[in-house]
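Written below as structure tokens is the structure these notes are about.
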Amino acid sequence: MPYGIQQPAVSSQLIQLEKDLNTVLFQRRPFALTHEGEELYQFVAPFFGNLTQMGKRLRGNAEPLLRLASTPTIIRNHLPPPLKELRKTFKGFKLAIREIEPTQAEPLLRNREIDVVISFWERQPVGGIKFQKLGNFSMSLLVPEAAPFKSAEHLLREVLEMPPGLISLSGETSLTKIFQQELGHRKLAWKQSIEVNSLDLIQTYVLDGFGYGLSIHIPGVSLPRGVRMLPLKGFPPLSVGLFWLGKMTPIAAAFSEEMQRYVRSLFIPSGGQR
Numbered sequence: 008m009p010y011g012i013q014q015p016a017v018s019s020q021l022i023q024l025e026k027d028l029n030t031v032l033f034q035r036r037p038f039a040l041t042h043e044g045e046e047l048y049q050f051v052a053p054f055f056g057n058l059t060q061m062g063k064r065l066r067g068n069a070e071p072l073l074r075l076a077s078t079p080t081i082i083r084n085h086l087p088p089p090l091k092e093l094r095k096t097f098k099g100f101k102l103a104i105r106e107i108e109p110t111q112a113e114p115l116l117r118n119r120e121i122d123v124v125i126s127f128w129e130r131q132p133v134g135g136i137k138f139q140k141l142g143n144f145s146m147s148l149l150v151p152e153a154a155p156f157k158s159a160e161h162l163l164r165e166v167l168e169m170p171p172g173l174i175s176l177s178g179e180t181s182l183t184k185i186f187q188q189e190l191g192h193r194k195l196a197w198k199q200s201i202e203v204n205s206l207d208l209i210q211t212y213v214l215d216g217f218g219y220g221l222s223i224h225i226p227g228v229s230l231p232r233g234v235r236m237l238p239l240k241g242f243p244p245l246s247v248g249l250f251w252l253g254k255m256t257p258i259a260a261a262f263s264e265e266m267q268r269y270v271r272s273l274f275i276p277s278g279g280q281r
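Throughout the sequence shown, residue numbering follows my numbering, covering 8 to 281 in sequence.
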């Protein structure tokens, strides 16, 4: 046992804990956690597992750790440039990256499993979660190169007559919600036929002829050959930004600055004017 605690003292504390919880946490012989004991263990294990690293961090002798979460498209296309710049200041820092859907962001932040999330903004964050806007991105429809549509408006007129297949993210995501709301304002209806969990998969299924995709235009990301983008003019843009809980660590704050600088560069044309 760590911290110099003797076995009798541990047994006494466990017995007291079982009395307080009014439940059996483990079988004595042979030793095994009960279902309730396993539940409690899974709840407290992350806290005790991170104590050593937290102690080092508080003493100032831990290697900087940055834990990020975002969608696969952002992770692959847009995280490498700011992270390369960050390495110039924080050499040898540890990095953990997790692919998530936007709906997973809040639980990860509240459980302290992630330092910063890059995701869509849907509503005002609450409970200590903060948001820094990176930019607005316009919605678009993806169609096969050979599709006869000259514009998104042309395609949407066809929806009134014979709805084609709509490939999009989950109905819980900001992108799909805002798109469907705007369709409703225009007295249009276009039900989702295929649900996927990434913008990349939307491109794949459009390319394979399963229908037309709902996506966003992200500067610097090129489409695969055989897929064409039709901007959805007049549809509300989506805000993408950084989410975090409480006070940022120094490395997270530095990453935030690099990410903002990188996104600003995406919106500057080659001539240097915005």
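Glycine is no exception: its CB is placed at the ideal position from the N, C-alpha and C atoms.
Fair warning: this is a prediction, and the values are worked out from it, not measured in the lab.
Nearest-angstrom Cα separation, counted from residue j out to residue i
i	j	result
residue 116	residue 252	6 Å
residue 28	residue 47	11 Å
residue 140	residue 128	8 Å
residue 80	residue 54	31 Å
residue 138	residue 260	13 Å
residue 104	residue 76	6 Å
residue 154	residue 271	33 Å
residue 40	residue 184	44 Å
residue 119	residue 51	13 Å
residue 254	residue 172	45 Å
residue 278	residue 193	Reliability fails at residue 278, whose pLDDT of 40 lies under 50, so the model's placement of it is uncertain and the value that follows must be treated cautiously. Approximately 37 Å between the Cα atoms of the pair.
residue 162	residue 149	10 Å
residue 135	residue 90	26 Å
residue 267	residue 188	29 Å
residue 203	residue 88	27 Å
residue 35	residue 121	37 Å
residue 15	residue 49	24 Å
residue 45	residue 21	14 Å
residue 165	residue 208	24 Å
Presumed contact (8 Å Cβ cut-off) between residue i and residue j, rounded CB distance
i	j	result
residue 239	residue 177	Contact doesn't hold; Cβ gap of about 19 Å is too wide.
residue 201	residue 216	The pair is not a contact, with the Cβ atoms about 12 Å apart (cut-off 8 Å).
residue 273	residue 156	No, residue 273 and residue 156 are not in contact; Cβ-Cβ is about 27 Å, not under 8 Å.
residue 144	residue 223	5 Å
residue 181	residue 230	Not confirmed; about 21 Å, so no contact.
Cut-off 8 Å between Cβ atoms - residues of its own chain near residue i, not counting five sequence neighbours on either side
i	result
residue 100	70, 71, 72, 73, 93, 94 and 258
residue 280	Its pLDDT being 38, under 50, residue 280 is placed unreliably by the model, and the measurement read from it follows with that caveat. Result list for residue 280: empty, nothing under 8 Å.
residue 276	For residue 276, the pLDDT reaches just 47, beneath the cut-off of 50, and the residue's location in the model is therefore unreliable, although a value from the coordinates is still provided. For residue 276, where only same-chain residues beyond five positions count, there are no Cβ hits under 8 Å.
residue 111	76
residue 124	75, 76, 77, 107, 112, 115, 116, 249, 250 and 251
Residue i in three-state terms, based on DSSP
i	result
residue 104	strand
residue 225	coil
residue 134	coil
residue 176	coil
residue 86	coil
residue 220	strand
residue 164	helix
residue 202	strand
residue 39	strand
residue 252	strand
residue 74	strand
residue 121	coil
residue 158	coil
residue 33	strand
residue 114	helix
residue 189	helix
DSSP bridge partner residues for residue i (one or two, in chain order)
i	result
residue 143	246
residue 238	147
residue 272	The partner list for residue 272 (beta bridge, DSSP) is empty, contrary to what the question assumes.
residue 267	None; residue 267 has no bridge partner.
residue 126	248
7 Å Cβ shell around residue i - same chain, five flanking residues per side excluded
i	result
residue 205	78, 79 and 80
residue 293	With the chain covering only 8 through 281, there is no way to say anything about residue 293.
residue 190	196 and 197
residue 113	136
residue 158	237
Sequence-distant residues of the same chain with beta carbon closer than 6 Å to residue i, five excluded per side
i	result
residue 221	175 and 186
residue 211	none
residue 84	228
residue 102	73
residue 107	76
residue 235	150 and 152
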